[in-house]
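This report concerns only the one structure given below.
Protein chains: 2
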Amino acid sequence: MSKTTSNSIHITKATQSKIDTVNFDDLQFGRVFTDHMFVCDFEDGQWQRPEIKPYGPMTIDPSARVFHYGQAVFEGMKAYKDNDGRVFLFRPDENFQRINKSSARMAIPEFPESYFFEGLETLLKLDSAWIKPGIGNSLYLRPFVIATEPAISASPAVTYRFMIICSPAKSYYSDAVKVIFAQKYSRSADGGVGFAKAAGNYGAQFYPTTLAQKRGYQQIIWTDANTHEYLEEAGTMNIFFRVGDKLITAPNNDRILDGVTRKSIIQLASDMGIACEVRRVSVQEIKDAAKNGELKEIFGAGTAAVVSPISAFEHDGQEYKMAMEDDSYAKIFKSRLLGIQHNEQDDTHGWRHEVV
Amino acid sequence: MSKTTSNSIHITKATQSKIDTVNFDDLQFGRVFTDHMFVCDFEDGQWQRPEIKPYGPMTIDPSARVFHYGQAVFEGMKAYKDNDGRVFLFRPDENFQRINKSSARMAIPEFPESYFFEGLETLLKLDSAWIKPGIGNSLYLRPFVIATEPAISASPAVTYRFMIICSPAKSYYSDAVKVIFAQKYSRSADGGVGFAKAAGNYGAQFYPTTLAQKRGYQQIIWTDANTHEYLEEAGTMNIFFRVGDKLITAPNNDRILDGVTRKSIIQLASDMGIACEVRRVSVQEIKDAAKNGELKEIFGAGTAAVVSPISAFEHDGQEYKMAMEDDSYAKIFKSRLLGIQHNEQDDTHGWRHEVV
Ligand SMILES: Cc1ncc(COP(=O)(O)O)c(C=O)c1O
Ligand SMILES: Cc1ncc(COP(=O)(O)O)c(C=O)c1O
Chain A
604 MSKTTSNSIH
614 ITKATQSKID
624 TVNFDDLQFG
634 RVFTDHMFVC
644 DFEDGQWQRP
654 EIKPYGPMTI
664 DPSARVFHYG
674 QAVFEGMKAY
684 KDNDGRVFLF
694 RPDENFQRIN
704 KSSARMAIPE
714 FPESYFFEGL
724 ETLLKLDSAW
734 IKPGIGNSLY
744 LRPFVIATEP
754 AISASPAVTY
764 RFMIICSPAK
774 SYYSDAVKVI
784 FAQKYSRSAD
794 GGVGFAKAAG
804 NYGAQFYPTT
814 LAQKRGYQQI
824 IWTDANTHEY
834 LEEAGTMNIF
844 FRVGDKLITA
854 PNNDRILDGV
864 TRKSIIQLAS
874 DMGIACEVRR
884 VSVQEIKDAA
894 KNGELKEIFG
904 AGTAAVVSPI
914 SAFEHDGQEY
924 KMAMEDDSYA
934 KIFKSRLLGI
944 QHNEQDDTHG
954 WRHEVV
Chain B
604 MSKTTSNSIH
614 ITKATQSKID
624 TVNFDDLQFG
634 RVFTDHMFVC
644 DFEDGQWQRP
654 EIKPYGPMTI
664 DPSARVFHYG
674 QAVFEGMKAY
684 KDNDGRVFLF
694 RPDENFQRIN
704 KSSARMAIPE
714 FPESYFFEGL
724 ETLLKLDSAW
734 IKPGIGNSLY
744 LRPFVIATEP
754 AISASPAVTY
764 RFMIICSPAK
774 SYYSDAVKVI
784 FAQKYSRSAD
794 GGVGFAKAAG
804 NYGAQFYPTT
814 LAQKRGYQQI
824 IWTDANTHEY
834 LEEAGTMNIF
844 FRVGDKLITA
854 PNNDRILDGV
864 TRKSIIQLAS
874 DMGIACEVRR
884 VSVQEIKDAA
894 KNGELKEIFG
904 AGTAAVVSPI
914 SAFEHDGQEY
924 KMAMEDDSYA
934 KIFKSRLLGI
944 QHNEQDDTHG
954 WRHEVV
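Going down the list, the sequences are from chains A and B. Using the numbering used here, you'd call the opening residue of the first sequence number 604 and step up by one each time. Using the numbering used here, you'd call the opening residue of the second sequence number 604 and step up by one each time.
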């Protein structure tokens, strides 16, 4: 390993790349990691000098608060390569702001903007070979922060670790998914942490989702915890409903993640003259629309899955099938988003961020 | 380090005890750990052979699901020593059942009963010197399970680690605490994971609790997330209200941890002929009782704090002070519980479990 210093980040390069051992045509999401990772510790009240080093296991005390109290947040973003080998991020400022919003809610110190961007860009330059060009290919980036202080009292830690790890990816849900509208379990409450990418929000969904999967549904669309009458979002995607030619999506609140893909689709819809209502949407409204033929599409929107068409939903023991037309909004938005992300279409809103 | 095998647990003893470096008169909760820890990994669909080894840091992949999705649960229990050097646990079957209930909700495989008890008892025998006799002294035991699989897809892991770490303790809140009744933030929702000792439930409370602390209140008493009208529990304690000579505590449900101390106090109250109502208790009722002088006590009940008297509460910007009488129920229950736990009083319900 050779040690060099660049941009104040302390860099230790991997002696040999693992890239030749990876079959890029057969990638399972989130299982293979690139050669390097970014690490920055918070100690003595401040973020210390960041480091990039070979990806690998780390040493941590069993009493670290992250294990006991779930004091941890994360982000999910992607890097894309165009056919000229140029590398782009998509609206990374949104992820930067969101991780700090999540951190604030979890009593974790905010991370400096310059470290976040220098870390990402330096890492991407080192591991650029892992980003394959072509629509559908990307490098999934996972910034996250964990409470490392070795003390099991139930209060905020004084030491933390911020990391970025990178995993080459194809899109997450390759087939259309079937969903259940939640009627018993719930994801978050008003005044809770649902709007944050707090680690515990995700583990809490595994069991109900497993139950849904046993019945043939891959995902749950969460409803409000009080009444289960209003549709909110899926486990890792915001949700859009197309009724007639109009889109509807739930508003942001305490309980819903303010998704970057969601807000981009709302903007693209406006660009294309597609009406999009951001408002509460009830289970009853969607069932009625399904029955009278007005419900044309449901799709999920998120960085991992991009746009994921939903082929059926279940509620009260009844399954409602969707038509899955070829000229769906889901397809239009997906190809527009991928086109912008891969530098194949005009970026009218300045969403692409080139890594140079 | 010498390697021996006992009861199927693989034991590696510490070459030298750290106990002489510890000042038992000045213990901060959860910062000092004993010489050994218990470790058992779940792999290939089953719990592997357990191990006891010197307490120390462990190696884990940065992509381990616990860091990203908070798939983790824990327990809190204590070991006590009487003046003859006999060591006792208090209702450990309750903790065993509860950790598996928490695990089930978090899609974590349940842990075998024999491993749990053999692990605890073997560890306690090895580290028995760390348990000091005398009321107020104890060894806090922290069993916990974390998802270790190195893969960042949002679904249950296939590998886990169950551990027990031990920390010598005095009682947690030494002084009476002041609390705020929650009006904005919330701890859990119906259909959520509030009843489980899931890691993420705790980290989510840190920020609101920090805000309360800035205003001079150490803890929050959570209310129902929907209306904030009903009092539920504190961050690590169940709550009892004494109105006149009657006790009231909230019923268990999806949102509240089914505390061992709480259920023991309900039993002791019945033994002593103290009326205890287990029912919803509203903020308004407690404020009214405070105003008309009927509210005699509020106290928290939990393993760490045992019984913790509350000296004041705040709601709607107004502070209500409690009288803190010498003959309080809080004191009676605390000394009865400690008496049973330390083998100084009759154990009429068979709650003590001797470690032999
Ligand atoms: C709960 C939840 N909702 C929605 C999303 C989609 O957000 P984004 O489009 O920013 O990836 C995600 C994934 O990040 C998520 O975790
Ligand atoms: C949320 C919560 N409530 C109540 C309690 C008290 O439970 P127990 O008496 O079993 O320690 C605890 C602590 O374990 C807790 O974490």
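All C-beta atoms, glycine included, are put in the ideal place defined by N, C-alpha and C.
Around the beta carbon of V642/A, 16 or more other beta carbons lie within 10 angstroms, which makes this residue buried.
K684/A and K735/A do touch by the CB rule: their CB atoms are close to 7 Å apart, below 8 Å.
Flagged as an interface residue toward chain A: S666/B, by a C-beta distance shorter than 8 Å.
Under the 8 Å criterion on CB atoms, M766/A is classed as interfacial with respect to chain B. With respect to the 8 Å criterion, A750/B and A667/B are classified as neighbours on the basis of their beta carbons. Considering only beta carbons, the part of the region 783-799 of chain B lying closer than 8 Å to chain A consists of A785, K787, Y788, S789, R790, S791, A792, D793, G794, G795 and V796, in chain order. Taken in chain order, the unbroken stretches of beta strand (DSSP E) that lie wholly in the region 673-697 of chain B and span 3 residues or more are 675-677, 680-684 and 690-693. Within the same chain, P695 and F699 come within 8 Å of F720/B by CB-CB distance, once the 5 residues on both sides are set aside. Within 10 angstroms of the beta-carbon of D730/B lie 16 or more other beta-carbons, which makes it buried. When C-beta distances to chain A are compared with 7 Å, the residues of the region 824-838 of chain B below that value are A828, N829 and G838, in chain order.
Within chain A, the residues T662, I663 and D664 have their CB atoms less than 7 Å from the CB of P660/B, given in chain order. Not one heavy atom of ligand 2 lies closer than 7 Å to the C-beta of L941/A. As DSSP reads the structure, N626/A sits in no beta bridge. Proximity of chain A to T813/B at the Cβ level (cut-off 9 Å) is accounted for by A710, S758 and P759, in chain order. Residue-level contact by beta carbon holds for N804/B and chain A, with a gap shorter than 8 Å. Exposed is the label assigned to E716/A, since fewer than 16 other Cβ atoms lie within 10 Å of its Cβ. Within the region 901-927 of chain B, contact with chain A at the beta-carbon level (separation under 9 Å) is assigned to A907. Contact between the region 912-925 of chain B and the region 869-881 of chain B is absent: fewer than three C-beta pairs spanning the two stretches fall below 8 Å.
Around H945/A, the same chain offers Y683, D685 and I738 as residues with beta carbons nearer than 6 Å, after the five sequence neighbours per side are excluded. Within chain A, the residues placing a beta-carbon under 7 Å from that of F747/B are F670 and H671, ordered along the chain. Think of a sphere of 9 Å around the beta carbon of R634/B: the chain A residues whose beta carbon falls inside it are S666, P753, A754, I755 and S756, in chain order. Under the 8 Å Cβ criterion, the region 661-680 of chain B counts as touching the region 669-676 of chain A, having at least three qualifying pairs. Across the region 673-707 of chain A, CB contacts with chain B closer than 8 Å involve G673, Q674, A675, F677 and A707, in sequence order along the chain.
Secondary structure note for R939/A: its alpha helix (DSSP H) is the uninterrupted segment Y932 to Q944. In the DSSP assignment, A892/B falls outside any beta strand (DSSP E) and within the unbroken alpha helix (DSSP H) covering V886 to K894. DSSP places Q700/A within a helical segment (H, G or I) once states are collapsed to three. E724/A carries a helical assignment under DSSP once its states are collapsed to helix, strand and coil. Residue A926/A holds the alpha-carbon nearest to the alpha-carbon of R845/A among A926/A, L742/A and Q948/A. Inter-segment contact for the region 805-825 of chain A and the region 790-809 of chain B is present: three or more beta-carbon pairs are separated by less than 8 Å. In this structure, W954/A is the residue among I901/A, W954/A and L860/A with its C-alpha nearest to the C-alpha of L871/A. Of the candidates Y820/B, G722/B and G633/B, G633/B places its Cα closest to the Cα of D664/A.
For G803/B, the uninterrupted alpha helix (DSSP H) run begins and ends at A802 to K817, by DSSP. Pairwise C-beta distances place the region 611-621 of chain B out of contact with the region 931-938 of chain A, as fewer than three of them are shorter than 8 Å. Per DSSP, reduced to three states, the secondary structure at T864/A is helical. E835/A places its beta carbon 8 Å or farther from that of V886/A. Where P771/B is concerned, the enclosing beta strand (DSSP E) starts and stops at Y763 to A772.
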